[in-house]
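S.K.: In UniProt numbering, the protein residues as written are 1 to 524.
Structure provided below as structure tokens; questions to follow.
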Amino acid sequence: MKIRSCVGITKPSLLLVHSELPALTFHKTKLTWTSTLRFPSNYERTSGSVTRFHCSVAGRTGASTSVSSSSSKSNTVHLSRKQVKPSSLYSRPSLSNMKKERIANRAKVYEFLRVLGIIPDELDGLELPVTVEVMQERIDFLHKLGLTIEDINNYPLVLGCSVKKNMIPVLDYLGKLGVRKSTFTEFLRRYPQVLHASVVVDLAPLVKYLQGLDIKPNDIPRVLEKYPEVLGFKLEGTMSTSVAYLVGIGVSRREVGGVLTKYPEILGMRVGRVIKPFVEYLEGLGIPRLAIARLIEKRPHILGFGLEERVKPNVASLLEFNVRKASLPSIVAQYPEIIGIDLKPKLLGQRSLIQSIIDLEPEDFGTVVEKMPQIVSLSNTSMVKHADFLKGCGFSLQQVRSMVVECPQILALNLDIMKLSFDYFQMEMQRPLDDLVAFPAFFTYGLESTIKPRDKIVAKKGFKCSLSWLLNCSDEKFKERLNYDTIEMEEMETMPSFDMNSLMEPRSDESDSDYEEDSDDEYA
Numbered sequence: 001m002k003i004r005s006c007v008g009i010t011k012p013s014l015l016l017v018h019s020e021l022p023a024l025t026f027h028k029t030k031l032t033w034t035s036t037l038r039f040p041s042n043y044e045r046t047s048g049s050v051t052r053f054h055c056s057v058a059g060r061t062g063a064s065t066s067v068s069s070s071s072s073k074s075n076t077v078h079l080s081r082k083q084v085k086p087s088s089l090y091s092r093p094s095l096s097n098m099k100k101e102r103i104a105n106r107a108k109v110y111e112f113l114r115v116l117g118i119i120p121d122e123l124d125g126l127e128l129p130v131t132v133e134v135m136q137e138r139i140d141f142l143h144k145l146g147l148t149i150e151d152i153n154n155y156p157l158v159l160g161c162s163v164k165k166n167m168i169p170v171l172d173y174l175g176k177l178g179v180r181k182s183t184f185t186e187f188l189r190r191y192p193q194v195l196h197a198s199v200v201v202d203l204a205p206l207v208k209y210l211q212g213l214d215i216k217p218n219d220i221p222r223v224l225e226k227y228p229e230v231l232g233f234k235l236e237g238t239m240s241t242s243v244a245y246l247v248g249i250g251v252s253r254r255e256v257g258g259v260l261t262k263y264p265e266i267l268g269m270r271v272g273r274v275i276k277p278f279v280e281y282l283e284g285l286g287i288p289r290l291a292i293a294r295l296i297e298k299r300p301h302i303l304g305f306g307l308e309e310r311v312k313p314n315v316a317s318l319l320e321f322n323v324r325k326a327s328l329p330s331i332v333a334q335y336p337e338i339i340g341i342d343l344k345p346k347l348l349g350q351r352s353l354i355q356s357i358i359d360l361e362p363e364d365f366g367t368v369v370e371k372m373p374q375i376v377s378l379s380n381t382s383m384v385k386h387a388d389f390l391k392g393c394g395f396s397l398q399q400v401r402s403m404v405v406e407c408p409q410i411l412a413l414n415l416d417i418m419k420l421s422f423d424y425f426q427m428e429m430q431r432p433l434d435d436l437v438a439f440p441a442f443f444t445y446g447l448e449s450t451i452k453p454r455d456k457i458v459a460k461k462g463f464k465c466s467l468s469w470l471l472n473c474s475d476e477k478f479k480e481r482l483n484y485d486t487i488e489m490e491e492m493e494t495m496p497s498f499d500m501n502s503l504m505e506p507r508s509d510e511s512d513s514d515y516e517e518d519s520d521d522e523y524a
């Protein structure tokens, strides 16, 4: 008996499949299924069966035989074809293949960077773009910001920052704060790490903290432009301790914002290593702590002068050039920059120049520096012109030398104003030149505000007095002198000098916190 149909075997105890398919050729598919089931005459007793399947695919045939047997009897199975493993179009690559692919992509990116001149040695372990195209996008964006290949090599980790996720949000935030786009290049050269920062988690809280230090919102951009590294500081770290120390030595709390705006680098200075040793050294020179606090309020950048590298060697140079140790506090208080510049070459140059134009003795040069320490930064042209003016007024070389030693400021004053004062001295006051030799500070007083009014009062009263008695006092003191019966000689001989106590006087109610750029070279 033969039955042609698709038959399923209901109780197979063993199913073996052996198939053999020849190589496929591509032409129209024709699929034919033929199944033949043969039941032996004793089927009911053996409950075993054999099924033959014939498959024809595109003109080629394959056959398989499956055998089912009961547990009580064994059958012999002949396998005449090889087994084929199933496959899927959607199978996933293995982890090893994925790893190999990542390594290959990274090698391509590294090779691309090397061609551009970027050294990728520090990028191992850093998440980078998997394609050269994305890396090219990052580099192009950095170039638009003004960064060069050299800049990238200085901090190659910047290549790990996504343009859309990192760079653009950070730069947009800085721009909204008021940081000028023209400063972005230098900003990122100094502190490229900012591109890794989170605006919400890192930058915004720090800006709020700076405002809490009395830095005005409008000054925040300038602070960040001057010192971008501040964006990497912890809120309760060095910043808080440095501010607390300055307030502790006498810096006015209301001046802190102005101090930090002028010189935000203070926020990164360690108290124990930088600020405290500097303050204590100045105290050791004889400058009172409160005076140091006032100096810091006015010129906070002095805290950046290297103590060992610059300050101490400069003090030694001053002593070497015949400056008296007792005069050091006055010198530093008058001109703090003198301990922060490259001083010794300036001292050598200025001493040599003054010797050449007025025949100044080396010993007298120390006196000149004590009375006007800014002379170390005075331009050569200015000194020559002023010396020539004095000689043109009729003073001898010896008299000019004496006047400069007595009042070095005459080498730095406005020449036009000096000419007006000298004309009034000759034409109206009609005094001898020796009076100016004895009191060269005459040129430092205002002609309209001081000299003329006082000269007229004294002339009206018929007093005969020295220029020192006439000018070297406040308006209140001058009124008192007019009531004297006699002119005291000590008052006549007193010369103007720097008073350290004036530096420690209480500050006026008007705060000096407003941001301003102070010129370091007042006598250029």
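Cβ atoms here follow ideal geometry from the backbone N, Cα and C, with glycine treated the same way.
Mapping the DSSP letters down to three states, classify V207 as helix, strand or coil.
M.R.: V207: helix per DSSP, three-state reduction.
S.K.: How is the alpha helix (DSSP H) around T444 delimited, first residue to last?
M.R.: Per DSSP, T444 belongs to no alpha helix (DSSP H) and is neither H nor E.
S.K.: Can you tell me where the alpha helix (DSSP H) with H386 in it begins and where it stops?
M.R.: Run containing H386: N380 to G392, per the alpha helix (DSSP H) assignment.
S.K.: What is the C-beta distance between I331 and V369, in whole angstroms, given that I count them as a contact (C-beta under 8 Å)?
M.R.: I331 to V369, Cβ: 7 Å. Contact.
S.K.: Please report the distance separating the alpha-carbon of L303 from that of F278.
M.R.: Cα-Cα distance, rounded: 7 Å.
S.K.: List the whole-angstrom C-beta distance separating E297 from S242, where the pair is believed to meet the contact cut-off of C-beta under 8 Å.
M.R.: About 15 Å separates the two Cβ atoms, so there is no contact after all.
S.K.: Which residue comes first and which comes last in the alpha helix (DSSP H) that contains M403?
M.R.: First-last of the alpha helix (DSSP H) with M403: L397 to E406.
S.K.: Identify which residue in F443, F395, A291 and L347 has its Cα closest to the Cα of D416.
M.R.: When each option's Cα is compared against that of D416, the closest is F443.
S.K.: Give a yes or no on contact between the stretch 350–364 and the stretch 307–317, applying the rule of three or more CB pairs nearer than 8 Å.
M.R.: Cβ pair count under 8 Å is below three, so no.
S.K.: Rounded to the nearest angstrom, how far is the Cβ of Y424 from that of L447, given a contact under 8 Å?
M.R.: The pair is a contact, with the Cβ atoms about 6 Å apart (cut-off 8 Å).
S.K.: Please tell me whether L142 and I152 are closer than 8 Å, where the distance is taken between their beta carbons.
M.R.: In this structure, I152 lies closer than 8 Å to L142 by Cβ.
S.K.: Just curious, the alpha helix (DSSP H) that N472 is in, first and last residue?
M.R.: That residue, N472, is in no alpha helix (DSSP H); it is neither H nor E in DSSP.
S.K.: Is K216 helix, strand or coil when you go by DSSP?
M.R.: Reduced to three states, the DSSP call for K216 is coil.
S.K.: Is DSSP giving M500 helix, strand or coil here?
M.R.: Looking at M500 - three-state DSSP - the assignment turns out to be helix.
S.K.: In whole angstroms, give me the CA-to-CA distance for V158 and P192.
M.R.: Looking at the two C-alpha atoms, the distance is approximately 7 Å.
S.K.: From the DSSP output, in three-state form, read off G340 for me.
M.R.: The answer is coil: DSSP assigns G340 none of H, G, I, E or B.
S.K.: First and last residue of the alpha helix (DSSP H) that includes T450?
M.R.: Here T450 belongs to no alpha helix (DSSP H), and DSSP marks it neither H nor E.
S.K.: What residues in its chain sit with their C-beta under 7 Å from that of E265, if we drop five residues either side in the sequence?
M.R.: The residues are Y227 and G304.
S.K.: Measure the alpha-carbon distance for V84 versus P129 and round it to whole angstroms.
M.R.: Confidence at V84 is low in this model, with a pLDDT of 45, below 50, so its placement is unreliable and no value can be given for it.
S.K.: Using the rule of at least 16 other Cβ atoms within 10 Å of the residue's Cβ for burial, across every protein chain shown, is V77 buried or exposed?
M.R.: Residue placement at V77 is poorly supported in this model, since its pLDDT is 39, which falls under 50; the coordinates still yield a value, given next. Classification of V77: exposed, given that the 10 Å Cβ count is below 16.
S.K.: Take the Cβ of S396 as the centre, count every other Cβ of all protein chains shown within 10 Å, and call the residue buried at 16 or more, exposed below.
M.R.: Its Cβ having fewer than 16 others within 10 Å, S396 is exposed.
S.K.: On a Cα-Cα basis, can you pick out the residue from G160, K99 and K477 that is closest to E122?
M.R.: The shortest C-alpha separation from E122 is found at G160.
S.K.: Terminal residues of the continuous alpha helix (DSSP H) containing K165?
M.R.: Element bounds for K165: n/a, residue is neither H nor E.
S.K.: By Cβ distance, which residues of its chain are closer than 8 Å to E433, with the 5 residues on each side in sequence left out?
M.R.: Residue 433 is actually Leu in this sequence, not Glu. Cβ within range, chain order: C393, G394, F395 and Q399.
S.K.: Just the C-alpha distance for N154 and G272, rounded to the nearest angstrom, thanks.
M.R.: Distance between the alpha carbons of N154 and G272: 30 Å.
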